[in-house]
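**Q**
Numbering (this note's numbering), first residue to last: 4 to 281.
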């Protein structure tokens, strides 16, 4: 969500820098050249990863609270559903990509227990610092800075890989899924939780909150540019059907997806197939 981990889930990025939009809540935000604008290509987020990562470093102090509020207090439920979709048992292992403050990783850690292992990876040092501090003495949790395009893990090292509200921040969606497939064992599960843009009537009403009110809340929190990016990046992210296609193109099989909360978010699940030589 890093975790819904995190509603705007940290991403590839890395260095601090730039200043955020400090416009007042009563004024329209003017995009800053130091902030990503949410634009995307057919293959992924168009912003330089370091620019996106630096933005997440800056919003780290308000990140968890804003996630809870802008999700209408649904984030914990969404996180539980994503963690359940990984189907982990005590003693198993998982990697959480774009882990942010480590909410999803911590929940995965509860599933695998003290004898299991969960690795949280994020290129935002500010988020990794907070995740590490929150993990306390739970030996099954480890957090490292790393690139979702080249995960710091051996092939087949984990039983499951998760990413929550971070895929749309990656510069290459297919490569992101391919890396997650690479680091899980044959038969391992890849789980993606992400915001969607459903078109039915009730969902369109709910979108008013997300697209009109969330940017105002961001300005009140002193992070107007970042939360304007959130809205724009969601608008440019592929629909659930296309994401399922990208997962298949990345080598995953038995791909399925489930809408939650009137289709405002979706959970995609794919399986790494057996190795041909097996």
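Glycine included, C-beta positions come from ideal geometry on N, C-alpha and C. This structure is a prediction, so every number in the text was calculated from the model and none was measured.
Would you list the residues sitting across from residue 97 in a DSSP beta bridge?
**A** DSSP lists 121, 163 as partners of residue 97.
**Q** Evaluate residue 76 with the Cβ neighbour count: other Cβ atoms within 10 Å of its Cβ, from every protein chain shown; 16 or more gives buried, anything less gives exposed.
**A** When all chains shown are included, residue 76 counts as exposed.
**Q** Taking the continuous alpha helix (DSSP H) assigned at residue 257, which residues delimit it?
**A** Note, residue 257: premise wrong, no alpha helix (DSSP H); beta strand (DSSP E) at 256 to 263.
**Q** Should residue 269 and residue 173 be called a contact, given that it needs their Cβ atoms to be closer than 9 Å?
**A** No. Outside cutoff.
**Q** Would you mind reading off the limits of the alpha helix (DSSP H) that contains residue 135?
**A** Residue 135 -> alpha helix (DSSP H) spans 128 to 138.
**Q** If you reduce the DSSP assignment to three classes, tell me which class residue 91 lands in.
**A** Residue state, collapsed to three classes: coil.
**Q** Quick one: using the 10 Å Cβ neighbour count with 16 as the cut-off for buried, is residue 6 buried or exposed?
**A** In this prediction, residue 6 scores a pLDDT of 36, lower than 50, which makes its location untrustworthy; no coordinate-derived value is stated.
**Q** Between 87, 54, 74, 55, which has its C-alpha nearest residue 199's C-alpha?
**A** Of the listed residues, the one whose Cα sits closest to residue 199 is 74.
**Q** Output yes or no for whether 9 Å exceeds the beta carbon distance between residue 274 and residue 190.
**A** Going by C-beta atoms, residue 274 is nearer than 9 Å to residue 190.
**Q** Taking the continuous beta strand (DSSP E) assigned at residue 196, which residues delimit it?
**A** Residues 187 to 198.
**Q** Just verifying my parser: in three-state terms, what is the DSSP assignment at residue 116?
**A** Residue 116: coil per DSSP, three-state reduction.
**Q** Please list, in chain order, all residues of the same chain as residue 252 whose beta carbon is under 7 Å from its beta carbon, the five residues on each side excluded.
**A** Hits under 7 Å: 177.
**Q** Assign residue 63 to one of three DSSP states: helix, strand, or coil.
**A** Residue 63: helix per DSSP, three-state reduction.
**Q** In the DSSP assignment, what residue or residues form a beta bridge with residue 145?
**A** In DSSP, residue 145 forms a bridge with 122.
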